[in-house]
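Residues 2 to 116 in the numbering used here are what the sequence shown lists, from first letter to last.
Report on the following structure.
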Amino acid sequence: MNALRKRTAELLEAQRPGDSWGRLVDPVLIFLIFASIGVIILETESGLSGAWSERFWKFEVFSIAVFTVEYLLRLWSCVDREGQPEVSPTRARLREANTLMVVAFVMLVILILAA
């Protein structure tokens, strides 16, 4: 289990040099972020919102599911991240949760201000 958790940390943090899977994770997540923003913008167009509302809804549910899984994987694997000071797994996870919550809050504020 520790090997799987360590590999998950490597993938999410792109820690292993030359790791093609690790280099793929960030661009995919960034694409999903921009695609989600694009869908939110497209939903405001009255001509598109009616005809595409079900597809937009499915994409939003998919995006939320992906980001929820990513968040849970980050919480689970953060104890095996390289360069992490030696702290208890609980403390490492609390630190990670706090960091991710701050980033999510800042992104939410940016989205609200952009709307």
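We put the CB at the ideal spot given by N, CA and C, even for glycine.
- Based on Cα-Cα distance, which residue from 114, 103, 81 lies nearest to residue 4? 81
- Query: What are the complete alpha helix (DSSP H) segments, minimum 4 residues, inside the stretch 12 to 64?
  - Reply: 21 to 44
- Name the residue from 103, 104, 108, 77 whose alpha carbon lies nearest to the alpha carbon of residue 93. 77
- residue 36 burial status per 10 Å Cβ neighbour count (16 or more: buried): exposed
- Item | Proximal residues to residue 22 (C-beta, below 8 Å), its chain only, five neighbours per side dropped | 12
- Item | Reduced DSSP category for residue 87 - H, G, I as helix; E, B as strand; rest coil | coil
- Select from 113, 75, 115 the residue whose C-alpha is nearest the C-alpha of residue 100. 75
- Item | Inter-residue Cα distance where the pair is residue 30 and residue 70 | 12 Å
- Item | residue 19 versus residue 90 - alpha carbon distance | 28 Å
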